[in-house]
Every structure is written in structure tokens, then in C-alpha cells.
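Numbering (my numbering), first residue to last: 1 to 980. To keep things clear, I will list the structure first and then write my remarks on it.
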């Protein structure tokens, strides 16, 4: 028996209308509810269930709406589309509205048969969204069947949440803490990566030889590598065994040239050309050796590499980009700048005495160990650094360090001592992970000095509080000033004991008037996010409420805090300026409502360490960033050379007396600092040159503008969504209030809505999205024009779940004439207006398209929908068809005269009865749309003939007339105009 129903046709089954999908067979129909989502797809067996062909029901002429009816129904319909007909299959179904510049990597990817890309946009631009867009599109098109994200374990849950909430991709976490549970559910001989198609994998877990082979063998066909720069090293530096393992893992994954690979990093080469080349070799082997100064070399790289700074995308699709006008211009609200202020403090006499005694002890210990052997010397070295750094941090960190055994003390060789001591005592930009590195390091060594260290520890404990700890006193002073200016700061500390000590002081007597919370490495990554949410909830929605977060560097990477905080205080100086940039990047990013983020750096004027670190490392880093507009890292070994010289300077002072020590050490310091500046300037020049040479030129802004225009035409613009939300909620008895001037979070177009008086069906739909408490207590729901919203807010974009729930309610109520309560949208309307001089009819038409999209795995059959407005003057039989622009203007027509309901119903009945006369034109227009869609798919994939061979788009007939609206000329308005 042949298949009765073709893909895209309408059938009636189980009491509703369905669209037949291409996966249907002769004995089984795969159906999607008309206007429904892929989540509602069902299989129906015609042999056992009643299935009939169906035509979309005509509008009911007695169910007339007002002048807003057509626009609201059109927008509600378009918001509900989850399978766009255009070349970007996934954009209609994801819960994020990408910025126009974020489509550039997607356009680049679609021009490759196998996607291989290095995405190196600046911090805060949205690399996660860009990678997610590519992944969701490849999965939607069938070009990929599975996804693996390799990342730090601290970022795994954030990646999982982003993929699920924004892109609808459910991925399992494969971590050392989850793998046992996951493996218990496997069949005999089954791989974890066969059972779970989408996974988030800890790079440091999977890189071990025991797990690596299974992953490589069963690796999905799409892999995203986060912070990819940590997986390679320069050829002329010593590579850690961990880096080697990570690089070997990626090398084997990338060897399969049919595998899609996305490498994501904001720092692609950390000042070393060879590291950059090694990274590129994973993308495409020939990029490791190609001459990038040649035109052909740059052209090859441009196909696979995108690196933009904020200035490149802050204003996009403007006349400055070569466009004819600014109609599609997009401004992205990055903070304009960071305001830096370096604030000093001096040690109290008691603290000064403790530090001097500790330096004297460390000097003696290092000098003594130097004569005992290389191993002993390195153990003593790391113990000295631990002691000095913890003393400069806080009394509590010092006390813990003084009573804790040094991690390096168990080393059997000098090399092992360095391996054990370095992670806890230095601030490497390329640490395997920041997990566990915020514990206070130990300084105890097997040298029979326990009593002396215990005495120093006891003295440290007595210094807690603002009387003797003037650093804490200075922090409270500067915090109070920030809070008074309306800021919500994060205080970054190096060690857990310091963070806990600071948080206790801020909460106690003499602290600050704000909600204070602490997040350290004692919490799991998920608990950290939960603690931050609790802090925000405790502070409440009052714009005058203030919050302070005290954190260690467990939050300096990956976790985005721009919605809750807008200032950073560096309580402890990091010994690598990249760490400062990472801390500041948590709040200085897209979505930050402050135009200026404040940064305060506390440093000790007389502790011998902070001033030199600030001068030689931190300030130089800032200056280069200001000059170039991007950050330029310095290799860890160069940065460590400077900090080692600072420690040597202190220890030499302790050994030889103030003058002799300073004289001998200054020469070393000057030499190290001069070498650092030379290396850094060289790296900055290379970075500046590479940004110029490798600027993103493979996709011209005109190409982006064309696709952005097509997407907005099909799915709706921001202005359309805002109008829809305001008018719909107003008609449904919502209470709307524009954002007040005093609301720091408000901006043009923002407003709040209380939905307590709206229909129960809408409240039920909104409760799971915004939270049942907000609905039950009728709290205002903030609607923001900026798509980067915090939890509990709604963005005025079609993909926002609150907007989606509202659109579904409006659409369902329009289609159901028996629905209870207000119905803002209707399928019919008769409006008397001075906007027309001849009777004009506006039709809202739904088209269904059958797409054949070729892919690497064969042709994929899809059904997609589109909604268009068509209008004509006169009768349907002798219709004078209007242009698309003229049809759209009718949505803005307002009623200038009353229309008698009975006359309106008769008019509507007559027009609906004559609409079959328009069938030929509607079908012809559908064919035009199909041809345009075909051209659009071919244009986006133009770079590869293989990708477009066999592509076809056909319009399913007949089209559905979803709504019909008649506009009658207002004779009284014309007469009044003539008499005037």
C-alpha cells in the first residue's frame, strides 16, 4: 500500500490536526501537531487508528477582533515556530537570541564540509554562545549525531546548564565523581560514549591513558574544547606532563579529519608563536607550517580562525562596516571601560615585627638548605614562598600555613619538589585547573623548627581584626565607599582562610551594611552557583539593597557574575596578571549594566612584595591591554622569574642586612624586570601584528546583514516582540509599569508586569518559567530590552521562555473561539480607517515547505513553516496585490471610525466566501518563497559544492489562511478632510 500522505500535508487524527513528517512510512505516520513543537511528535498507525486528510479550517466571520488582532496573531504564530525554513535550522528553536556578530563563526562553519575552527574572540564577547550555535546547527541538520565538550571540571556544570537552557541539548557529565554511576548502567561491552550521545567531559579526567583510549575510539563526531590554549605549549619551553597528556588526547581526537572540532580560547598563543602554531595544527595540520605572511596562507587561516576584540563588535552592521544604511545596526552593551584605582596600606607595628621575624626564619632556612643539596634547597624555597605569601594575605592564612606541613616536604627529588610546590605557591595562567589551589600552603619542613613556627602562628592569630590588620581596615573603608556609590563588589582573595576571615569581619561589628557571602574551593562547583543565587535572593529585588561576595580564585574562571556584581577588589595580588584579568572578566562582560566597572587593587606599601609585583607585572599588563584593546599574556616562566627575584630580594635582605641585601638584589631585580619588559613588548607587537594580519575577513558584514535581515523577517524583530508583549499582556489585564528612572537596571524599553489578574491558563504556563512564588504572590516580572538577563527576568526576544509561553497562550486562544477570558488575537477583523482609500484585505498565510538537505550522512528530509502577510485591494477575483512593505504598513493602521458589528460580519462572510479566488496567487507566492529559500541555503553553503548538491525546497499546497482582516476606508474622515 503506497503512502497516502506526503510530507508536509495535513491530517486529522486523535481529535486534532497534524503535519505529516518525512520520517513517515507506508504503515506508520510520524506526525507533529499543527503549530506544535518537536516535543509533541507522535507516531500513528493508520491500520489501527482513524486518520483522514484535513484542510485547515477557515476563520469564523462572527469572531471579529480589533485593529491589533492581525499583528498579535502574526507575532504569536512566528514566535511559536521551532523549525525555521531558512538555512539556520536551529535558530527558531533555541532559547537565546544571538547577536549579529555571533553569527559570523556559524556562517564560517556552514561553509566547511567538516567544521574545524579556532574561536578566539575576546573575554566576555560570547564564545560559549558561538560554539553552542554551531553545535546546535550541526545537530539540527544531521551533520553531527553526538557532542562532547572537553573542559575543566569546575566549568562542566556551567557548560551543561548553558547547553540545556539555551540550546535544548541535554548532556551527561563525565567526571571523576560521576563516571562510576554512569558505568553501572552500561550493557556488557558498551562504551559510556556510545550510550550517551552528548557528554560534558573533564579534560583532566579523560586525558589519562586509562580513559583516553576508550574516548578516542568512541568519540562523538563533534567535539568542543574549552580553554584550548591549556592543551598546547611552545616548542622552546618545558611542557608539563599534564600538558603533554592533554595535547596527546587532542592530537588523537583531531586525527580523524571527518570529525568536527571547535577549539575555544581567548588567549590562543600566550605570547608564543609556536604555541599558536601547535594549536592551529589541531584544526588543520597544514596550518602548522603554512606561511601566514603570504596571501594564500592568510586566506587558508581565515577559513578556520576568528578573533575579535570588543571594539570590533560594539557597533556592528553599520555604515562603518560598508553597509548602505544603519537599518540593521546593532549596539552591544559592553562596559565602556574598567576604572582602576590602586589603594595602599601599611603594616601595623605588630604585623611588621611578625613579618620581619618570618623573613628572618625563611632566610635562615633557605641558606641552611642550600648547603644540604638541591632537593632540600627547593623544599625550603617553596616553604619560604608559602610563608611570605600567606603572611601578606591575612593573619589567619599565615597561622594555617605556619602549622601545616609543606606539600613539597615529601618530595624525593628537586624536580618533584617543584612539581608539588609550584601549583600551590604560584599563579600559573596555565594551571591544569583552579580546583584545590586556594588552600593555604604549608611551610613546615622536617627541620626541628616546630616550636619556632608555632610561636609565629600564635602571634599571627593575635593580629586578627582591624586594630592590627590594617589591610582589613583599608578594605572595609574602600568597600563602604563602593557601596555608597551603589556598587555591588566582589572581593577576591588568594586563600580559603583569608576569604573566610574577611567574610566574618565584614558581617560582624564594624563591618559593612550589605548582604555578605563567601564562596571558596570548599564548595563544589554547583554549590558555588547555589550560594551566589542565595546571596542575590537574600539581598532581594530592592535596587537600594547591596551585596558583597568574598571569593577565592575558584570563581575567577568560567562563572559569569555580571548580573549580580559590578566591581572587583583584589584583596590579594596575584603573581600572574592574567589571573587579575580573569577575575575582572567575571563582571566586565556582555550583560553588565554598568557602563564603568570599578577595580580596586589593595597593596602593601611596606611588605616588600606587593609594590614590586604591582609595578613590574600588574601595571604593565594593564597598559598593554589599554593600548591594544585586548589582553596579552606573558609566559609563566617569565612571570615566575620576576616573582622569584622579588622573593630572593626579600630573603637576601634578611640574610645580609638591609643595605647590603638591597644593593645585591636590586641588580637581579632590574635584570629580570628589563627582560620581562622586553619579552612583553615583543609579545604585544606580535599580537598587534597578528590581529591585523588575521582579522576576520572571510565573512563580510554585508553577508551577515543579509542573513540577519532574512532571519528577522521570518522570525520577528525586537520591536515587534516588545509591542506584542505589551499589547498582549495589557489586553489580558496585566499591570504594566515602565522602568523608573531610579532603577539602575532599567533602560530604554524596559518595563515590569504583574500577571495576577490575567487568565488562569496563562498564569499556569508562566509559573514553571518564572517560578511559582512570583505568580502566587503577584510579584512584578521584569522585561528587559537587553537579551542578557538575570534569573527571574524576561528578555524581549522571541526565544525567551516567558515570551514563548505568552505567545502560545495568545495563539491557542485565537484558534479556540470557545476559550474563556480575554482573547487579544482573533482570526478575523473589520476595521474602518483613514489608512486606506479602497477596501483592502490583509491575509495572514502559513506556508509549509518540504526541504531536502544533503549532508555527509545522506539526504535529510525536513518540514518547516513560515508565516507571511499578503494584501490586496478590491475583490479577491480582481485583486490588486500590494507589495510586502505596503502589506506590513496595514498592521499600524488604527481605527478612525466605528464599524457596525453586523455589517462587519456580513463583510467578512462575503470576503471569506471569495478567498478561493486568491489560491493561484498564494501558491505562486509560495513557490517564490521556496525559490528564495533554496537560494539562501545555497548562498550560506556556497564554499562547498558537496554541501549543496541535491538541495531542494518545495512549497506544500495548499497554503493555510490563518487570518483575514478587512480595512474599510473611513468616509467621514475623507469628508472632514475635504471640508477643511
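Built from N, CA and C at the ideal position, the CB exists for glycine as well. Remember, predicted model here, so these are calculated numbers, not experimental data.
Would you kindly check if the distance between the Cβ of residue 380 and the Cβ of residue 366 is under 8 Å?
-> yes
Segment limits, alpha helix (DSSP H) that includes residue 383 | 374–393
Would DSSP call residue 337 helix, strand or coil?
-> strand
Selected residue, minimal CA-CA separation from residue 839, among 107, 786, 200, 971 = 971
Looking only at DSSP bridge pairs, what is residue 680 linked to?
-> None, per the DSSP bridge assignment.
Candidates 472, 874, 772: closest to residue 982 by CA position | In the structure as shown, the chain begins at 1 and stops at 980. Residue 982 is therefore absent and cannot be evaluated.
Count the other C-beta atoms from every protein chain shown that fall within 10 angstroms of the C-beta of residue 108, then say buried if there are 16 or more, exposed otherwise.
-> buried
Buried or exposed: residue 509, going by 16 or more other Cβ atoms within 10 Å of its Cβ?
-> exposed
Between residue 488 and residue 566, what straight-line distance do the alpha-carbon atoms span, to the nearest angstrom?
-> 6 Å
Counting along the chain, where does the alpha helix (DSSP H) carrying residue 356 start and finish?
-> 349–370
Give every residue of the same chain whose Cβ lies closer than 7 Å to the Cβ of residue 855, excluding the five residues on either side of it in the sequence, and list them in chain order.
-> 141, 142, 143
Residue 348 vs residue 468 beta-carbon contact at 8 Å = yes
Taking the runs of the alpha helix (DSSP H) that are 4 residues or longer, which of them lie wholly in the stretch 66–145?
-> 69–80, 103–110, 127–141
May I ask you to verify whether the stretch 598–615 touches the stretch 332–349, counting CB pairs closer than 8 Å and requiring at least 3?
-> yes
Report all residues from its chain with a CB closer than 6 Å to the CB of residue 807; omit the five preceding and five following residues, and keep chain order.
-> 76, 79, 80
Any idea if residue 750 is buried or exposed, counting beta-carbon neighbours within 10 angstroms, 16 or more meaning buried?
-> buried
Along the alpha helix (DSSP H) that carries residue 903, what are the first and last residues, could you check?
-> 901–914
Less than 8 Å separating the beta-carbons of residue 453 and residue 498?
-> no
From this set, 705, 562, 278, which residue's C-alpha is nearest residue 532's C-alpha?
-> 562
Since I believe residue 153 is in contact with residue 204 (beta carbons under 8 Å), could you give me their beta-carbon distance rounded to a whole number of angstroms?
-> 7 Å
Hey, how far is the Cα of residue 102 from the Cα of residue 730?
-> 34 Å
Whose C-alpha, out of 290, 932, 502, is nearest the C-alpha of residue 866?
-> 932
CB-CB under 7 Å to residue 277, same chain, minus the five flanking residues each way: which ones, in chain order?
-> 288
Return the chain-ordered ranges of every beta strand (DSSP E) run that is complete within the stretch 184–229 and spans a minimum of 3 residues.
-> 198–202, 222–226
Residue 476 to residue 572, Cα distance in whole Å?
-> 14 Å
6 Å Cβ shell around residue 978 - same chain, five flanking residues per side excluded = With a pLDDT of 46 at residue 978, under the threshold of 50, the predicted position of this residue should be treated as unreliable, though the coordinate-derived value follows. Excluding positions up to five away in sequence, the list is empty.
Through-space distance from residue 792 to residue 135, alpha-carbon basis | 27 Å
For residue 831, three-class secondary structure by DSSP | strand
Looking at C-alpha atoms only, which residue of 771, 216, 890, 45 is the closest neighbour of residue 72?
-> 890
Three-state class that DSSP yields for residue 587 in the structure shown | coil
Count the other CB atoms within 10 Å of the CB of residue 478; is the residue buried (16 or more) or exposed (fewer)?
-> buried
Assign residue 45 to one of two classes, buried (16 or more other C-beta atoms within 10 Å of its C-beta) or exposed (fewer than that).
-> exposed
Spell out a yes or no on whether the stretch 312–328 and the stretch 701–719 are touching, meaning 3 or more CB-CB pairs, one atom from each, closer than 8 Å.
-> yes
Exposure label - residue 902; buried when at least 16 CB within 10 Å = exposed
When the Cα atoms are used, what is the spatial distance from residue 146 to residue 216?
-> 14 Å
Give the single residue among 504, 880, 596, 828 whose Cα lies nearest to the Cα of residue 68.
-> 828
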